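Colleague: Okay, handing you the structure first.
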Amino acid sequence: MSKTMLAVVKERPEPGITVKHIPIPETPKGEVKVKVIYGSICGTDIGIYDWIPWVQGHLKPPIVIGHEIVGEIIDINGDASHLKIGDIVSSETHIYDETCEQCKMGNQHVCDTVQFFGYGRDGGFAEYATIPIRTTWRNDPSIPLKEMSVQEPLGNAVHAVTKGDVSDKRVLVVGLGPVGMCAVAVANAYGAREVVAIDPELYRRELTEKFTNVTTLEKIDTKDFNRFHVVIEASGVPAGIQTSLDAVYPAGKIVAIGIPKKEITLDWGKYIIDKEITIESIFGRRIWETWHQTTDLLKSRKIDLQKIITHEFELKDFEEAMKIMKSGKCGKILLKINPPQI
Ligand SMILES: NC(=O)c1ccc[n+]([C@@H]2O[C@H](COP(=O)([O-])OP(=O)(O)OC[C@H]3O[C@@H](n4cnc5c(N)ncnc54)[C@H](O)[C@@H]3O)[C@@H](O)[C@H]2O)c1
Ligand SMILES: [Zn+2]
Ligand SMILES: [Zn+2]
């Protein structure tokens with residue numbers, strides 16, 4: 006085995022990224038080492054690339070980025086009764102400590118000392134990566150490998166739609182990036198009465214329509230104001246958040262997923278008070294409840310995640326992949342890191 010590996014590194018606190026060779030990591034105590042098979046690029050990785058304020062508060066360069074991965078365990082350093090060499094695993098992004106009050110209350114995803122795989126510490130856009138044993142998820146082998154890589158954002162959607170309690174409700178999904186697309190699919194699977202979704206990008210509306218039961222629109226007009234029991238906000242842009250406030254039915258619920266690039270303003274009296282709405286937010290996935298739900302959706306084929314994978318790139322071509330990500334003319338982009346040899 007060569008002593009170095011190719012990795013995507015955020016080297017400096019400024020826009021941009023570096024693809025370079027770095028030493029293969031040793032396996033720290035309490036972690037496993039994986040040979041990474043696939044990775045997938047997340048909206049958060051665009052923020053890392055662009056060095057947006059939210060990322061500046063979460064990431065200290067230099068680190069290897071990438072949190073959506075699937076890999077094969079090649080080394081275990083510690084007690085891991087549920088894992089063995091050769092297991093095909095993914096990483097929960099929110100690395101919790103197991104000891105704080107939140108962890109003890111079952112809220113590990115908002116642990117008091119939470120660290121993030123791929124933005125608070127080294128992640129997985131590299132030929133090899135290490136993952137804490139406690140945040141290593143053993144994948145169900147019946148799920149296709151590529152879908153294992155993309156299941157983490159599906160988990161965000163599952164967590165949001167579960168909080169939305171969408172059964173028999175009129176649901177609006179704002180923003181059809183991969184997370185929003187998944188939210189539409191999950192709302193279908195969880196029995197929403199009607200799902201409407203908006204995104205200014207035609208490519209993404211058409212892609213979503215191909216694998217879900219949805220009506221898509223460029224934007225809503227006033228006839229759709231106050232119409233939706235549940236709004237899933239997955240755009241993170243001020244206009245999308247404004248639309249969510251207008252569209253939600255009085256006494257309805259907005260579930261916030263999208264992360265604004267900067268502070269936003271809203272008319273508190275007009276929306277929060279007069280409409281008596283509930284705003285819930287999600288940060289990651291519930292550990293491990295959401296992963297079990299996601300596995301059920303994939304195993305039962307209620308959701309076919311391969312449909313949202315539109316591009317595949319080699320790790321060395323990360324910059325090119327990022328350009329496509331930023332264009333919005335894509336679904337999920339897969340990075341072939343050590344793909345199976347057929
Ligand atoms: N809360 C969490 O735990 C969590 C986890 C993952 C991602 N995120 C965030 O969720 C958001 C979605 O993630 P993604 O990977 O799908 O990102 P993305 O950037 O691919 O998708 C955002 C979509 O919103 C659309 N959009 C832009 N303006 C709009 C408007 N006015 N109305 C409706 N749609 C509009 C864009 O065209 C794009 O398709 C991002 O902000 C991301 O950072 C949050
Ligand atoms: Zn992600
Ligand atoms: Zn904790």
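Quick note, in my numbering, the sequence shown goes up one by one and the last residue is 347. From the three backbone atoms N, C-alpha and C, an ideal C-beta is built for every residue, glycine too. In this text, all values refer to a predicted model and were calculated from it rather than measured experimentally.
(1) Report the start-end ranges of each beta strand (DSSP E) in the stretch 71-109 that is 3 residues or longer and not cut off at the edges.
(2) Ends of the alpha helix (DSSP H) at Y208?
(3) Could you check how far apart the C-beta atoms of M10 and A131 are, in whole angstroms? I think they sit under 8 Å.
(4) Could you give the residue range of the beta strand (DSSP E) that holds P255?
(5) Do V178 and V155 come within 8 Å of each other at the CB atom, strictly closer than that value?
(6) Could you spell out where the alpha helix (DSSP H) holding H297 opens and where it closes?
(7) Judging by CA-CA distance, which residue of A188, Y133, K328 and P158 is the nearest neighbour of K8?
(8) In the DSSP assignment, the beta strand (DSSP E) including V14 goes from what residue to what residue?
(9) Whose CA, out of R209, L212, E238 and I203, lies closest to the CA of L222?
(10) Can you give me the Cβ contacts of C105 inside the same chain, cut-off strictly under 7 Å, excluding the 5 residues immediately before and after it?
(11) Where does P183 land, buried or exposed, given buried means 16+ other C-beta within 10 angstroms?
(12) Is any heavy atom in ligand 1 found nearer than 7 Å to the beta carbon of A256?
(13) Tell me whether Q61 is buried or exposed, calling it buried when 16 or more other Cβ atoms sit within 10 Å of its Cβ.
(14) Between the alpha carbons of D127 and K228, how many angstroms are there, rounded?
(15) Let me know the secondary structure DSSP gives L159 once reduced to three states.
(16) Keeping to the same chain, check which residues put their C-beta closer than 6 Å to that of P205; ignore five residues upstream and five downstream.
(17) Looking only at C-alpha atoms, which of M330, T49, I277 and T141 sits nearest to I70?
(18) Roughly how many angstroms separate the alpha carbons of K25 and I264, rounded to a whole number?
(19) G123 and I342 - do their beta-carbons sit closer together than 8 Å?
(20) Quick check on L340: buried or exposed, where buried means 16 or more other Cβ atoms within 10 Å of its Cβ?
(21) In this structure, how does DSSP classify F318 when only helix, strand and coil are distinguished?
(22) Between L159 and T299, is the Cβ-Cβ spacing less than 8 Å?
(23) What span of residues does the alpha helix (DSSP H) with Y195 cover, start to end?
(24) Report the partner residues of K337 according to the DSSP bridge assignment.
(25) Taking only three categories from DSSP, how would you classify V235?
(26) Comparing C-alpha positions only, which one of I27, A12 and I74 sits nearest to K337?
(27) Can you tell me whether K328 is helix, strand or coil according to DSSP?
(28) In whole angstroms, give me the CA-to-CA distance for D40 and I79.
(29) What is the residue span of the beta strand (DSSP E) that V60 lies within?
(30) Check whether the Cβ of D102 lies closer than 7 Å to any heavy atom of ligand 3, and answer yes or no.
(31) Quick one, are the C-beta atoms of P137 and Q311 less than 8 Å apart?
(32) Compute the Euclidean distance between the alpha carbons of N161 and T141, then round it to the nearest angstrom.
(33) Check each candidate in G35, G129, D170 and S86 and name the one with the smallest Cα separation from Y101.
Modeller: Based on what the coordinates show:
(1) If we require 3 residues or more, the beta strand (DSSP E) runs fully inside the stretch 71-109 come out as 73-82 and 93-96.
(2) Segment L207 to F216, the alpha helix (DSSP H) holding Y208.
(3) The C-beta distance from M10 to A131 rounds to 6 Å, short enough to fall under 8 Å.
(4) DSSP places P255 inside the beta strand (DSSP E), whose first and last residues are V253 to A261.
(5) Taking 8 Å as the Cβ cut-off, V155 and V178 do not qualify as a contacting pair.
(6) Run containing H297: E294 to K304, per the alpha helix (DSSP H) assignment.
(7) When only C-alpha atoms are compared, the closest one is Y133.
(8) Residues T9 to K15.
(9) Just measuring C-alpha positions, the residue of R209, L212, E238 and I203 sitting nearest L222 is I203.
(10) Same-chain partners within the cutoff: C116, D117 and T118.
(11) Its Cβ being crowded by 16 or more others within 10 Å, P183 is buried.
(12) No, the beta carbon of A256 sits no closer than 7 Å to any heavy atom of ligand 1.
(13) Per the 10 Å Cβ criterion, exposed.
(14) If I take the Cα positions, the gap works out to 48 Å.
(15) In the structure shown, the three-state DSSP call for L159 is helix.
(16) Leaving aside the five residues that flank P205 on each side, the residues in its chain whose CB is nearer than 6 Å to its CB run, in chain order, E223.
(17) The residue with the shortest Cα to Cα distance from I70 is T49.
(18) Computed Cα separation, rounded: 29 Å.
(19) Between I342 and G123, the C-beta spacing is not below 8 Å.
(20) Taking a 10 Å sphere around the C-beta of L340, we find 16 or more other C-beta atoms and assign the residue as buried.
(21) The answer is strand: DSSP assigns F318 an E or B state.
(22) Contact: yes.
(23) First-last for Y195: undefined, no H or E at that position.
(24) Paired residue(s): I314.
(25) For V235, the secondary structure class from DSSP, reduced to helix, strand or coil, is strand.
(26) With respect to the C-alpha of K337, the residue from I27, A12 and I74 having the closest C-alpha is I74.
(27) If DSSP states are grouped into helix, strand and coil, K328 belongs with the helices.
(28) A small correction: the amino acid at residue 40 is Lys; Asp does not occupy that position in the sequence shown. If you take the alpha carbons of K40 and I79, they lie about 7 Å apart.
(29) For V60, no beta strand (DSSP E) segment is defined; the enclosing uninterrupted segment is the alpha helix (DSSP H) at P58 to Q61.
(30) Checking the 7 Å criterion, the Cβ of D102 is within range of a heavy atom belonging to ligand 3.
(31) A distance of 8 Å or more separates the beta carbons of P137 and Q311.
(32) Taking the Cα positions, N161 is about 17 Å away from T141.
(33) Shortest Cα-Cα distance from Y101 to any of G35, G129, D170 and S86 involves G35.
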